[in-house]
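A.B. asks:
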Amino acid sequence: MNLSKLSTEHYKALLNHYGSPITPLRHKNIEQLAIAVILSAQCTDARVNQITPKLFSRYKNIGDFARASQEEVEKIIYSAGFYKMKTMHIIALARILEKNYEGKIPDNFEALLKLPGIGRKSANVIMSSGFNKICGIVVDTHVKRLSFRLGYTSNKNPDKIEADLMQIWPKKIWNPMSLLLIFHGRKFCKAQNPRCETCFLTETCRFFKKC
DNA sequence: CTCCCGATAT
DNA sequence: ATATCAGGAG
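When you read off a place in the first sequence, starting at 1, and then add 799, the result is the number in my numbering.
1) For I834, which residues from the same chain have a beta carbon less than 6 Å from its beta carbon, with the 5 sequence-adjacent residues on both sides left out?
2) Determine contact between the segment 871-880 and the segment 840-847, defined as no fewer than three beta-carbon pairs at a distance below 8 Å.
3) Run through DSSP, which three-state label would C1004 get?
4) Could you give the distance in angstroms between the alpha-carbon of S868 and the alpha-carbon of A910?
5) What does the Cβ neighbour count give for L912, buried or exposed, with the cut at 16 atoms within 10 Å?
6) Below 8 Å CB to CB, which residues in the same chain sit around I933 once its five sequence neighbours on both sides are set aside?
7) With I967 and L802 assumed to form a contact (beta carbons below 8 Å), what rounded beta-carbon distance in angstroms separates them?
8) Report yes or no: do the segment 848-868 and the segment 809-827 share at least 3 C-beta pairs separated by less than 8 Å?
9) For L945, which of F1006, G918, K885, K804 has the nearest alpha-carbon?
10) Using three-state DSSP, classify V836 as helix, strand or coil.
11) Would you mind working out which of L978, T1003, T940 sits nearest Q991, comparing C-alpha positions?
12) Under a three-way DSSP split, which group does I917 fall into?
13) Cutting at 6 Å between CB atoms, please list the residues of its own chain near G902, excluding the five before and the five after it.
14) Residues in the same chain with beta-carbon distance under 8 Å from T997, minus the five sequence neighbours each way, listed in chain order, please.
15) Quick check on the burial criterion: 16 or more other C-beta atoms within 10 angstroms. Buried or exposed for E830?
16) Is the beta carbon of H816 sitting closer than 9 Å to the one on F947?
17) Is G916 near K885, with beta carbons less than 9 Å apart?
18) List in chain order: all unbroken alpha helix (DSSP H) runs of 4+ residues lying wholly within the segment 874-934.
19) Just to confirm before moving on: does the CB-CB distance between V942 and L980 stay below 9 Å?
20) Below 8 Å on the Cβ atoms is my guess for G935 versus M965; work out the distance and round it to an integer in Å.
21) Measure from the alpha carbon of T1001 to the alpha carbon of each residue in V872, G950, F982, then state which is nearest.
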């Protein structure tokens, strides 16, 4: 079976199990999504969702973030880790958005990549889950790990993995598949102690066959 | 490649 | 007590 067909089989099984996926990052608009994504770097979505209600009620819009005090934002987002840098990125982002983009997140992948705190993973989340435009594939730590275990790639570099997946996966599944792999990575295919015994993908999983 | 950092699993 | 989780910037 070729990799494209294999990924489609995995996709069907995952979709059947988890249903149609949407990003777990809670947000009311794309600006909030972007800030949540910055917070989610090296941090679980669950923890980000614990922080953002308070953050977004204290700062209602991009203008509020642009004029926020470093110390106050740091206190609110503290538990996300890397709080000093993330706070700087959020405030710098808000100021750039106010100055150059009328307070809105640009609907453009290349422009997103130039914004503070936003790399390929975050830009792909914003484009796909925010704007419904598919430019690339979200490769976070789960997509990276599962892509390796399921045999889609032997690369370790996220950019190379993304390029590999873009060759293998049908474009229709780029966004839902990466979300499904993230869900599956959290529930079954965990970094440590993967639940292979109860996993429903073991028939075609190269990682499982090695165990 | 190193630094940024708290939370949680072991 | 220590390892591992989770991306981006310089």
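Glycine included, each C-beta is placed from N, C-alpha and C at the ideal position.
C.D. replies: According to the structure data:
1) I889
2) The way I'd put it, the segment 871-880 does touch the segment 840-847; three or more beta-carbon pairs between them come closer than 8 Å.
3) coil
4) 26 Å
5) exposed
6) M926, S927, K970, W973, N974
7) Yes, they are in contact, since the Cβ atoms of I967 and L802 sit about 5 Å apart, within 8 Å.
8) Output reads yes: the segment 809-827 touches the segment 848-868.
9) F1006
10) helix
11) T940
12) coil
13) Contacts found: I861, L896.
14) F987
15) By the neighbour-count definition (other C-beta atoms within 10 Å, threshold 16), E830 is a buried residue.
16) no
17) yes
18) 882-899, 908-912, 919-924
19) yes
20) Right, the Cβ-Cβ distance comes to about 7 Å (below 8 Å), so this counts as a contact.
21) G950
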